[in-house]
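A.B. asks: Position 140, counted from 1, in the sequence shown is what this note's numbering calls 141; the numbers after and before it change by one each time, with no gaps. Take this structure, written in structure tokens, and hold onto it; I'll ask about it next.
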Amino acid sequence: MPHAFEMLAPEVVLDALEAAGVRCDGRLMTLSSYENRVYLAHVESDDAGHVPDAVVVKFYRPERWSDAQILEEHAFAAQLLAAEVPLAAPIAFNGRTLHQAHGFRYSISPRKGGRRPELEDLDTLEWIGRFLARIHLVGETAAFASRPALNVASFATEPHDWLLQHEQVPPEVKGAWQEAYRSVVALVNESAQGSLAGAPQGHSGAIAHIRLHGDCHPGNILWTPEGSTLQAAGPHFVDLDDARTGPAVQDLWMLLSGDRRQRTLQLSALLDGYEQLRPFDRRELALIEPLRTLRLIHYSAWLARRWDDPAFPIAFPHFGTSAYWHEQVQLLQEQITLMQQEPLQV
């Protein structure tokens, strides 16, 4: 049976745009996205007269999010935009940001140009840190009602159980992987001191959980150099598709790379910018390696769940092999060592 996304022919995309009130000149470009399907479309005209000359249309993966969860993402984006945080927020047509056509749900956002940020530049990291603080200042003003939280249950327990129930781990690796899994989850709970166990923000003195970007890796930040005539210089954030509740450090740690000294310098630059606008709880530094560990477990289940999407076997041919799972065991064992070390200090 064909995957749903195989039905997204160019004429379907163009028809969906026109159904929302956007008429395109026929030029479409597929943009990089595995989770959803995203296209750049050049606009001929629009009924409301408030659309730029090119838009990005995102077709949501069926059955991943509920309408309520998608609309919470859109509402968060609108709040950030109102606070002058530079990001690509869905445009409302006839009072709606979420549309349906041909069995797909989709949104339409303005095109944002830019390049990958130069994260080896400490001034760039400081600038990004200021804007992450602005996201979190908005994020802490309210709570998500429908979108999930980042915790051990959602990023480790449930993915682990799903992988085993669907027999995704080869028999020759299963025992070693389960042993590594049990060890890292025990250390996550110990290192995080319960702050990733559920919803600790209700306890006095616990690390706060707020609304986050959720997936703030370098690919979700577009950098506009100074002197550009198209848009303001600096970072522009895209893709709130993984927005969820969690500790603030979740939006920082994926921007760190290299050895311990390099990561310490990078984190220091991020926090130099961040703390100009919002306090940062230094206890969250102990969550960096636990959060990285949870992401590794969740990522394997994410790949497995989407294997019926033709884009995934092409992009990830190594996944599911015995060699892949042996590598996962090694990565989890490395995380054990990292979680037993002193956290980064700045």
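Using N, Cα and C, we set each Cβ at its ideal position, and we do this for glycine too.
Using 8 Å for Cβ pairs, my map puts GLN70 next to SER147. What's the rounded Cβ distance?
C.D. replies: By 1-based counting over the sequence shown, the position of residue 70 is 69. By 1-based counting over the sequence shown, the position of residue 147 is 146. Indeed, because the Cβ distance is near 5 Å, the residues count as touching under 8 Å.
A.B. asks: Counting along the chain, where does the alpha helix (DSSP H) carrying TYR107 start and finish?
C.D. replies: Translated into positions along the sequence shown, residue 107 becomes position 106. Here TYR107 belongs to no alpha helix (DSSP H); instead the beta strand (DSSP E) covers 105-111.
A.B. asks: When the Cα atoms are used, what is the spatial distance from ILE218 to GLU12?
C.D. replies: On the sequence shown, position 217 is the one that residue 218 refers to. On the sequence shown, position 11 is the one that residue 12 refers to. Looking at the sequence itself, residue 218 is His, so the reference to Ile does not match. Their Cα atoms are separated by approximately 32 Å.
A.B. asks: Would ILE298 and PRO160 qualify as a contact pair, given that the criterion is a beta-carbon distance under 8 Å?
C.D. replies: Position 297 of the sequence shown, counted from the start, is the residue given in the question as residue 298. Position 159 of the sequence shown, counted from the start, is the residue given in the question as residue 160. Yes, they are a contact pair.
A.B. asks: I'd like the list of long-range same chain contacts for ALA305, defined as Cβ closer than 8 Å, with 5 residues on each side in sequence excluded.
C.D. replies: Counting from 1 along the sequence shown, the entry for residue 305 is found at position 304. TRP163, LEU164, HIS167, GLN169, PHE320, GLY321.
A.B. asks: Leaving out five residues on either side along the sequence, give the residues of the same chain with a beta carbon under 6 Å from the beta carbon of GLY176.
C.D. replies: Residue mapping note: residue 176 aligns to position 175 of the sequence shown, counting from 1. Closer than 6 Å at Cβ, skipping near neighbours: no residue.
A.B. asks: Return the Cβ separation of GLY274 and ARG131 in integer angstroms, given the expectation that the two are a contact with Cβ distance under 8 Å.
C.D. replies: Sequence index remark: in the sequence shown, residue 274 carries index 273 (1-based). Sequence index remark: in the sequence shown, residue 131 carries index 130 (1-based). Indeed, because the Cβ distance is near 4 Å, the residues count as touching under 8 Å.
A.B. asks: Whole angstroms is fine: what's the gap from GLY203's alpha carbon to ALA78's?
C.D. replies: Translated into positions along the sequence shown, residue 203 becomes position 202. Translated into positions along the sequence shown, residue 78 becomes position 77. Only weak support exists for where GLY203 lies, its pLDDT of 48 falling under 50; the coordinates are left without a value.
A.B. asks: Distance check for ALA10 and LEU271, CA to CA, integer angstroms please.
C.D. replies: Within the sequence shown, the letter at position 270 stands for residue 271. Within the sequence shown, the letter at position 9 stands for residue 10. One C-alpha to the other measures close to 42 Å.
A.B. asks: If you measure from the CB of PRO171, is any heavy atom of the ligand SAH nearer than 7 Å?
C.D. replies: Looking at this structure, you won't find the ligand SAH or any other ligand, since it has none at all.
A.B. asks: Just tell me which of TYR107, GLN263, THR246 has its CA closest to the CA of LEU120.
C.D. replies: For the purposes of this step, residue 120 is taken as residue 119 along the sequence shown, with counting starting at 1. Answer by Cα proximity: GLN263.
A.B. asks: Tell me which residues share the same chain as ARG183 and place their Cβ nearer than 7 Å to its Cβ, disregarding the 5 neighbours each side in the sequence.
C.D. replies: Taking the first residue of the sequence shown as 1, we reach residue 183 at position 182. Counting only Cβ-Cβ distances below 7 Å, and skipping sequence neighbours, we find nothing.
A.B. asks: How about PHE238 and LEU88: do their beta carbons lie closer than 8 Å?
C.D. replies: Taking the sequence shown and counting its residues from 1, the one referred to as residue 238 is at position 237. Taking the sequence shown and counting its residues from 1, the one referred to as residue 88 is at position 87. Taking 8 Å as the Cβ cut-off, PHE238 and LEU88 qualify as a contacting pair.
A.B. asks: Would you call LEU333 buried or exposed, if buried means 16 or more other Cβ atoms sit within 10 Å of its Cβ?
C.D. replies: Residue numbering aside, residue 333 sits at position 332 when the sequence shown is read from its first letter. Per the 10 Å Cβ criterion, buried.
A.B. asks: I'd like to know whether the C-beta atoms of LEU266 and LEU123 end up nearer to each other than 8 Å.
C.D. replies: Here residue 266 refers to the residue found at position 265 of the sequence shown. Here residue 123 refers to the residue found at position 122 of the sequence shown. Yes, they are a contact pair.
A.B. asks: Given this structure, state the Cα-to-Cα distance separating ALA312 from HIS4, to the nearest angstrom.
C.D. replies: For this step, residue 312 is matched to residue 311 along the sequence shown. For this step, residue 4 is matched to residue 3 along the sequence shown. Roughly 10 Å separates the two Cα atoms.
A.B. asks: Once DSSP output is grouped into helix, strand and coil, what is the label at TYR61?
C.D. replies: As a position in the sequence shown, residue 61 is number 60, starting the count at 1. TYR61 falls in the coil class under three-state DSSP.
A.B. asks: Excluding the five sequence neighbours on either side, which residues of its own chain have a C-beta within less than 7 Å of the C-beta of THR158, listed in chain order?
C.D. replies: Sequence index remark: in the sequence shown, residue 158 carries index 157 (1-based). Once the five neighbours on either side are set aside, THR158 has no close Cβ partner at all.
A.B. asks: With a CB to CB cut of under 6 Å and the five nearest residues on each side skipped, what residues in its chain are close to PHE156?
C.D. replies: Residue 156 sits at position 155 when you count from the first residue of the sequence shown. Excluding residues within five positions, the ones whose Cβ falls inside 6 Å are LEU295, HIS299.
A.B. asks: Let me know if GLU276 comes out buried or exposed under the rule of 16 or more other beta-carbons within 10 Å of its beta-carbon.
C.D. replies: What you label residue 276 is simply residue 275 of the sequence shown in a count that begins at 1. The residue in question, GLU276, is exposed, as its Cβ has fewer than 16 Cβ neighbours within 10 Å.
A.B. asks: When DSSP labels each residue in this structure, what does ARG117 get in the three-state scheme?
C.D. replies: Numbered from 1 along the sequence shown, position 116 holds the residue referred to as residue 117. In the structure shown, ARG117 sits in coil (DSSP, three-state: anything other than H, G, I, E or B).
A.B. asks: Would TRP326 be called buried (16 or more neighbouring beta carbons within 10 Å of its own) or exposed?
C.D. replies: The sequence position of residue 326 within the sequence shown is 325, counting from 1. With 16 or more Cβ atoms within 10 Å of its Cβ, TRP326 is classed as buried.
A.B. asks: Alpha carbon to alpha carbon, what distance is there between ARG28 and TYR40?
C.D. replies: Position 39 of the sequence shown holds residue 40. Position 27 of the sequence shown holds residue 28. Spanning the two alpha carbons is a distance of roughly 10 Å.
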